[in-house]
Structure formats: structure tokens, C-alpha cells
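Worksheet: the structure to be examined is printed underneath.
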Amino acid sequence: MTRRSNLLLILCLGLLVVGVSVFLSEHRIKEYRSEQFLMDTLVSIKVYGDDVATLPVAVTAAYGEMHRIAALVDRFPLPGTEDCRRSDVCRINEMAGISPVRVDADTLAMLLLAKKYHNLSAGAFDVTIGPVMDLWDFAGENPKIPASSIIVETLPLVDIENLVVNDVESTVYLRNVGMKLDLGALAKGYATEKALQALAKQGIKKALIDAGGNIRVLGSNASNAPWRIGIKDPRKAGGLIAIVALEDAAAVTSGDYYRYFEVAGQRYHHILDPRSGYPASENMSVTVVSQDAGLADLLSTTFFVMKGEEALALAEKLGVNLVLVNVDGRIFHTPGLAAHLEVLPGGAYRYDPR
């Protein structure tokens with residue numbers, strides 16, 4: 016069994032900003048950038064403006080929003096304690112089968128979004144996946160393949176129908192003892208969108224947030240051109256399979272090369288199909304482009320679990336765009352990306368334009 020370090024995980028995320036050296040125009044637009052380790056990944060924020068004094072203030076506000084959302088969704092008590100008071104998700108899990116928990120408006124919003132897309136995806140997305148995620152222990156030092164009998168015993172706890180979200184009373188309740196929420200497939204994108212909104216409120220017109228490969232851009236780049244975002248090769252370290260032009264939008268990738276281990280040459284990755292309890296097996300990489308980073312994050316996981324044709328059809332129905340690399344090495348994308356996507360030549364993949 017092999018295990019990749021956290022550093023390697025950060026380097027293996029699915030999207031990369033291409034051509035970051037930009038020409039600062041004749042108006043002498045200023046650039047400010049900052050990095051923090053947050054939500055288990057390296058977050059980078061880059062902003063542009065005329066007044067250099069205001070840029071750090073805006074970035075501080077953006078990070079403040081990300082820290083606030085991160086605190087709400089943390090599944091675990093404070094290190095070395097049993098204290099769940101700071102985290103809505105931790106308290107909801109702690110009170111499963113006992114009583115509803117009053118939560119923040121953003122926690123409600125995330126859970127209502129999760130329930131909506133669970134239904135639209137025929138169960139491919141389910142934030143009550145926590146008990147099965149714990150069996151695999153991808154977040155620990157020794158992930159393992161659980162016994163099939165234990166997965167079967169645990170799966171009944173994965174049931175979003177037993178997640179009661181009361182938006183009138185601002186409460187959330189898990190009906191059964193042992194149920195656990197895990198918002199890992201949604202929270203980082205949601206926090207990224209909140210950070211971007213904070214930048215906009217501070218008057219920022221051009222910005223890029225890279226939350227470990229979750230990309231959200233505000234406006235165009237400093238050269239007044241679209242940002243060029245590279246989609247990483249899921250099997251070749253440092254390689255790219257495509258470049259997407261992005262402006263006022265988000266791009267998020269889910270892939271089987273981030274948080275995985277191998278046993279007897281078989282890869283076991285962290286994106287579980289909530290209907291089976293096992294790693295999804297249809298795709299290697301899925302990138303979603305939309306106007307909202309939270310939705311792009313949620314849908315990249317959802318589409319990764321689905322069969323390619325089903326994912327493409329649902330993406331078009333929802334009005335989002337998608338680049339998908341299936342397990343056979345075929346690259347597909349929605350028609351809406353045709354004018355904004357450059358699939359790079361070479362490599363071990365077959366491009367199927369639509």
C-alpha cells in the first residue's frame with residue numbers, strides 16, 4: 016500500500032493557472048497576492064487595482080470569509096478536545112438521532128443546495144456520506160479497504176432523506192444515531208465564492224482565487240484578457256490536457272489522483288459513490304465551469320460519480336459546462352465550452368469533440 020504526502024496532494028490538484036506573468040497596463044495597475052494553508056489545501060488570492068493600500072484589506076476580508084465557512088463545516092472537535100461549539104457540522108453530527116441543531120445561514124444554504132442536487136443527480140451526491148468516508152479513512156495516515164460486510168452494514172446511514180433542514184427555524188437534524196454529514200465536496204467551493212464576494216464588496220474588479228485547484232476569477236486578467244486555466248493530466252505529473260479561457264467564472268476539478276492509495280496495483284481514491292460505498296469507477300477527471308464556485312465544486316464531484324453520458328446530459332440541462340476524462344482515456348466536453356477550450360495535442364487520450 017502506498018500513501019501520498021499532503022505536499023504531493025497539493026501539487027497534484029486538477030487545475031493550474033497558465034501564463035501567470037501578465038503585463039501591467041499603462042494605468043500602472045497594481046498587483047497584490049497572498050497565500051494561506053486553509054481547508055486542508057494551499058489557498059492563493061491575487062488581486063489587481065489602482066490603489067495599492069486597499070488591496071491587502073480586500074484580501075484580508077476574503078480570507079476572513081473562507082475561515083468563517085471553514086469553521087462552520089469542520090467535522091471534528093477542536094484538536095485535543097471534545098469541543099464542537101465552533102462548528103455547525105460537528106454539532107449536527109454529535110446530536111444525530113437526539114435533537115435538531117440551530118445553525119448559521121450559510122450552513123443552511125449549503126445543505127439546501129446539497130439536497131437539491133442529490134435529487135437532480137438520482138443520488139450521485141449525498142452529504143450524509145460521512146460514516147462511509149470514515150471507514151476508508153482517506154484523511155488519516157493509514158487508509159484501508161473496509162470489509163465489504165462493514166460497508167453494507169454502514170450504507171443505511173447514508174440517506175439524505177433523513178437529513179431534516181428547517182429553513183424557518185434555522186435548524187438541522189439527522190434522524191438516526193450514527194449519521195454524519197461531510198461537506199468536503201461542497202464547502203471549499205462555497206467558501207471560495209464567499210471570498211470572491213468579499214473582494215467585490217471591497218471594490219476589487221480583477222482577481223483570481225486558487226483554493227487548491229478550485230479556481231474562481233473576477234473579471235479578466237491584468238492584461239484585460241481571459242484567464243488561461245490549465246486542466247491537469249490525470250496520469251502524467253506536470254502535464255496538461257487542455258486549457259480553458261475563464262472570465263467572471265469558476266472552474267473546479269475532481270480527480271482520482273488526489274487522495275488515493277494503491278493495493279496490488281489497484282487505485283482506491285477518495286471520491287466515493289454514496290450508493291455503493293466504494294470509489295467511483297467511471298472517470299479519471301471531471302472539470303466543471305460555472306458562474307458559482309460552490310456549485311462547480313459540488314457538481315464536479317457529482318459528475319465524477321456518474322456515467323459520462325449522464326453527466327454531460329445533466330450539465331447541459333443545468334446550464335453548466337463540463338470537461339470529462341473517462342476511464343477509457345476519452346475526453347469529452349459540453350458544446351458550450353467549444354469556443355473557450357483548447358485541447359492540447361499528444362498524450363494518451365482520445366478527444367471526442369461534440
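Its first residue numbered 16, the sequence shown is counted upward by one per residue in this note's numbering.
Where is the CB? At the ideal position from N, CA and C, for every residue including glycine.
- The beta carbons of isoleucine 84 and tyrosine 205 sit closer together than 9 Å.
- Boundaries of the beta strand (DSSP E) harbouring valine 304: 298-305, taken from the DSSP string.
- Annotation: the continuous beta strand (DSSP E) that includes arginine 282 extends over 281-284.
- Secondary structure at tyrosine 364: coil, using DSSP grouped into helix, strand and coil.
- Judged by beta-carbon spacing, lysine 247 lies within the 9 Å limit of serine 300, meaning their Cβ atoms are closer than that value.
- Looking at Asp307, Pro249, Pro161 and Ala308, the one whose alpha-carbon comes closest to that of valine 278 is Pro161.
- At a Cβ-Cβ threshold of 9 Å, alanine 210 and alanine 124 do not count as neighbours.
- Between the C-alpha atoms of glycine 292 and alanine 240 there is a straight-line separation of about 43 Å.
- Threonine 122 is a Cβ neighbour of valine 187, given a cutoff of 9 Å.
- Pairwise C-beta distances place the stretch 316-329 out of contact with the stretch 351-368, as fewer than three of them are shorter than 8 Å.
- In the structure shown, asparagine 341 falls within a strand segment according to DSSP collapsed to helix, strand and coil.
- Ranked by how close their Cα comes to the Cα of methionine 148, the residues Phe52, Arg290, Asn341 and Ala328 have Arg290 in first place.
- For aspartate 98, the CB contacts under 6 Å within the same chain, skipping 5 residues up- and downstream, are Pro92 in chain order.
- In this structure, Tyr275 is the residue among Ala311, Arg231 and Tyr275 with its C-alpha nearest to the C-alpha of phenylalanine 153.
- Taking C-alpha positions only, isoleucine 113 is separated from leucine 172 by approximately 15 Å.
- Taking the C-beta atoms as reference points, valine 67 is found no nearer than 9 Å to lysine 130.
- In the three-state DSSP reduction, valine 320 falls in the helix class (H, G or I).
- Burial of phenylalanine 140 is indicated by the presence of at least 16 other C-beta atoms within 10 angstroms of its C-beta.
- By the C-beta density criterion, asparagine 229 is buried, having at least 16 other C-beta atoms within 10 angstroms.
- Residue burial annotation: leucine 127 is exposed, with fewer than 16 other C-beta atoms found within 10 angstroms of its C-beta.
- At a Cβ-Cβ threshold of 9 Å, glutamate 50 and alanine 237 do not count as neighbours.
- Histidine 348 sits away from valine 335, with the two beta carbons spaced by 9 Å or more.
- Under the criterion of beta carbons closer than 8 Å, leucine 87 and aspartate 119 qualify as touching, at roughly 5 Å.
- Annotated three-state conformation of leucine 93 is coil, per DSSP.
- Counting along the chain, no alpha helix (DSSP H) covers lysine 251, and no H or E run does either.
- Annotation for glutamate 262: no beta strand (DSSP E) segment contains it, and DSSP assigns it neither H nor E.
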